[in-house]
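The structure under discussion appears below in the form of structure tokens.
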Amino acid sequence: MTSQTNQFQNSFTELVIENMDFSQASWKTIENGMERLPHGCAQLIGSENIFTGAEVYKIEDVSDGVNIYHSESSAPVKFDKVLMALPPAALRTIETPTWSPDKMHAIRALHFEPLYKIGLRFKTRFWEKVSPPSKGGQSITDLPSRWFVYPSYGIGDNGPGVLLLYAWMTDAIAFLPKNEKERICLGLRDLKKVYGDQVDIDDQFIEGYSINWTDEESTGDAMFFPGQFRNLFNIARAPEGNVYFAGEHLSVHHTWILGALDSALLACQQMLGEPNIMPLRPTTKQNPPKHDYDYSDCIKAKPMAVYRDQRT
140 MTSQTNQFQN SFTELVIENM DFSQASWKTI ENGMERLPHG CAQLIGSENI FTGAEVYKIE
200 DVSDGVNIYH SESSAPVKFD KVLMALPPAA LRTIETPTWS PDKMHAIRAL HFEPLYKIGL
260 RFKTRFWEKV SPPSKGGQSI TDLPSRWFVY PSYGIGDNGP GVLLLYAWMT DAIAFLPKNE
320 KERICLGLRD LKKVYGDQVD IDDQFIEGYS INWTDEESTG DAMFFPGQFR NLFNIARAPE
380 GNVYFAGEHL SVHHTWILGA LDSALLACQQ MLGEPNIMPL RPTTKQNPPK HDYDYSDCIK
440 AKPMAVYRDQ RT
């Protein structure tokens, strides 16, 4: 059984990388929530330099920089360089300069799939106490909620816990017409089919929240078709003049935050013309700085070259 209906239409390279990502022996997260990452970046940049709610509708090349037109000003704002951290669907709605035909083709063609997720909060982590217990990891089902994902942190805690239920591709589309209450009821129904003989799911339930990325600006998550890594990936990552690009679709690690961070590192290397920029991390004599990935070949590669993920 695959975790996504119609998954085998995707790139074989995509499936191999996805399997490798989720078979790693160790994981790292940010204590007290991933939102601390953007908040930490905001402190470094300074709140006075951050503007929210200003939707960009046009970018324009000028002789010594880039003009940005946004919804909160009638006049353009000029920058030396611009980083477009946008999914292709959102980028296509912006009026852009005349970029290369290959770049425009990549923006149009890179495949995104529907993705649905719901978080259900319960009074206890009952899935760790049933037989057999689930302590981290995931279960794949043939129910509408195809994936049950069990938190890998806080295992053994006596307090409340959150289960995540996922659906991709064809499976995710079924949730589009459902409202929030209907999605929660459907998720609880699926859990009852698996755990109902051991747990009172309704009594355990506290609250739920869902999101279907097909309804969002991204329209889903990146999941490439055959040939797109070879023919479009490097083209999509390449800068156009003083405009640079980032996003999970521009990393080999699609669908999650690692890909976004991964592509951001490469974009910074490109913008600063320095391929040896290293990720921020605590450094000591016992823990010297090192690269997570070697991007030197990727930076030098021709647009049609095959990207090689070289782990160090």
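Quick note: the sequence shown uses my numbering, first residue 140, plus one each step. For glycine and all other residues, C-beta sits at the position ideal for the given N, C-alpha and C.
Neighbourhood of residue i by C-beta distance below 8 Å, restricted to the same chain and skipping five residues each side
{"i": "Val201", "result": "Lys217"}
{"i": "Glu153", "result": "Met362, Phe363, Phe368, His393"}
{"i": "Asp354", "result": "Leu315"}
Collapsed DSSP secondary structure at residue i in the structure displayed
{"i": "Lys268", "result": "coil"}
{"i": "Tyr255", "result": "strand"}
{"i": "Phe364", "result": "coil"}
{"i": "Asp329", "result": "helix"}
{"i": "Lys242", "result": "helix"}
{"i": "Trp352", "result": "helix"}
{"i": "Ala306", "result": "strand"}
{"i": "Leu222", "result": "strand"}
{"i": "Tyr292", "result": "coil"}
{"i": "Ile233", "result": "coil"}
{"i": "Gly300", "result": "strand"}
{"i": "His392", "result": "coil"}
{"i": "Glu211", "result": "coil"}
{"i": "Asp281", "result": "coil"}
{"i": "Phe261", "result": "strand"}
{"i": "Asn206", "result": "strand"}
{"i": "Asn145", "result": "coil"}
{"i": "Val216", "result": "strand"}
{"i": "Phe151", "result": "helix"}
{"i": "Phe372", "result": "helix"}
Residues near residue i in its chain [Cβ-Cβ closer than 7 Å; skip 5 each side]
{"i": "Glu234", "result": "Tyr196, Lys197"}
{"i": "Gly276", "result": "Tyr289"}
{"i": "Ile374", "result": "Asp241, Lys242, Ala245, Pro442"}
Below-9 Å beta-carbon distance, residue i vs any chain D residue
{"i": "Gly380", "result": "Judged by its chain identifiers, the structure shown contains no chain D, having just a single protein chain."}
Identity of the residue in the options nearest residue i by Cα
{"i": "Leu282", "options": "Asp296, Pro299, His388, Ala311", "result": "Ala311"}
{"i": "Val382", "options": "Asn158, Gly335, Phe314, Val205", "result": "Val205"}
{"i": "Ser291", "options": "Phe147, Ile396, Ser273", "result": "Ser273"}
{"i": "Glu170", "options": "Phe372, Leu371, Gly293, Asp342", "result": "Gly293"}
{"i": "Met308", "options": "Met173, Ala224, Gly359", "result": "Gly359"}
{"i": "Val333", "options": "Trp395, Lys317, Tyr348, Ser270", "result": "Ser270"}
{"i": "Ile396", "options": "Thr168, Ser284, Ile345", "result": "Thr168"}
{"i": "Phe261", "options": "Glu346, Leu405, Ile207", "result": "Glu346"}
{"i": "Val391", "options": "Asp160, Gln143, Asn145, Asp342", "result": "Asp160"}
{"i": "Gly326", "options": "Ser349, Asp336, Lys242, Phe251", "result": "Ser349"}
{"i": "Asn297", "options": "Thr263, Trp286, Glu319", "result": "Thr263"}
Euclidean distance between Cα positions of residue i and residue j
{"i": "Ala193", "j": "Leu183", "result": "21 Å"}
{"i": "Lys256", "j": "Pro227", "result": "21 Å"}
{"i": "Thr511", "j": "Arg231", "result": "Any answer about residue 511 is impossible in this case: the structure gives the chain only from 140 up to 451."}
{"i": "His209", "j": "Ile189", "result": "14 Å"}
{"i": "Arg322", "j": "Arg328", "result": "10 Å"}
{"i": "Asn149", "j": "Ile156", "result": "12 Å"}
{"i": "His388", "j": "Phe147", "result": "19 Å"}
{"i": "Asn351", "j": "Trp266", "result": "25 Å"}
{"i": "Leu304", "j": "Arg175", "result": "24 Å"}
{"i": "Pro215", "j": "Asp203", "result": "14 Å"}
{"i": "His430", "j": "Ala245", "result": "Summary for His430: the model assigns pLDDT 45, below 50, so the residue's position carries little reliability; its value from the coordinates is reported in the next sentence. Spanning the two alpha carbons is a distance of roughly 28 Å."}
{"i": "Pro365", "j": "Val301", "result": "35 Å"}
{"i": "Leu222", "j": "Ala385", "result": "7 Å"}
{"i": "Phe287", "j": "Lys317", "result": "19 Å"}
{"i": "Asp241", "j": "Glu252", "result": "22 Å"}
{"i": "Trp166", "j": "Asp401", "result": "15 Å"}
{"i": "Gly179", "j": "Pro299", "result": "27 Å"}
Own chain partners of residue i with C-beta closer than 6 Å, once the 5 adjacent residues on each side are dropped
{"i": "Lys220", "result": "Asn381, Met410"}
{"i": "Pro378", "result": "Gln409"}
{"i": "Leu486", "result": "Outside the displayed span of the chain (140 to 451) sits residue 486, for which this structure offers no information."}
{"i": "Ala399", "result": "Glu387"}
{"i": "Leu254", "result": "Trp307, Ala311, Trp352, Gly359, Asp360"}
Exercise. Output the residue ranges of the alpha helix (DSSP H) runs that lie fully inside the stretch 160 to 188 and measure 4 residues or longer, sorted by chain position.
Key: 175 to 184
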